[in-house]
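Written below as structure tokens is the structure these notes are about.
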Amino acid sequence: MFTSKEPFQIVSGTLSYAIGSGCIVVSMPIPDAIKSLKEEVGYLFDFANSTQ
Numbered sequence: 044m045f046t047s048k049e050p051f052q053i054v055s056g057t058l059s060y061a062i063g064s065g066c067i068v069v070s071m072p073i074p075d076a077i078k079s080l081k082e083e084v085g086y087l088f089d090f091a092n093s094t095q
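Sequential numbering from 44 applies to the sequence shown in the numbering used here.
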């Protein structure tokens, strides 16, 4: 699971490492995650939306 309260964080080494390791990733929708995650690789959840 990767979280960040900064919606404009461009890249995340943690996110890249998890994807490269073959892990399923749960992430906030930072630009790197939006570009990198596909449905079979992970999930995006909106900032401050606890009902998702």
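Ideal Cβ placement from N, Cα and C applies to all residues, glycine included.
With C-beta atoms as the reference, is residue i less than 8 Å away from residue j?
i, j, result
"Val-68", "Ile-62", "yes"
"Ile-73", "Gln-95", "no"
"Leu-58", "Asp-75", "yes"
Provide the residue span of the alpha helix (DSSP H) that contains residue i, from first to last.
i, result
"Gly-63", "56-63"
So, at 7 Å on beta carbons, what are the nonlocal neighbours of residue i in its own chain, with the 5 sequence-adjacent residues on each side left out?
i, result
"Gly-85", "Ile-67, Val-68, Val-69 and Ser-70"
Over what stretch of residues does the beta strand (DSSP E) that includes residue i continue unbroken?
i, result
"Ser-93", "Unbroken run through Ser-93: none, as it is neither H nor E."
"Val-1", "Here the chain comprises residues numbered 44 to 95, so residue 1 is not present and cannot be evaluated."
Can you list, in chain order, the residues of its chain with a C-beta nearer than 8 Å to that of residue i? Leave out the 5 residues immediately preceding and following it.
i, result
"Phe-90", "Lys-48, Pro-50, Met-71 and Pro-72"
If I measure Cβ to Cβ from residue i and keep anything under 6 Å in the same chain, skipping five residues before and after, which residues do I get?
i, result
"Val-54", "Asp-75"
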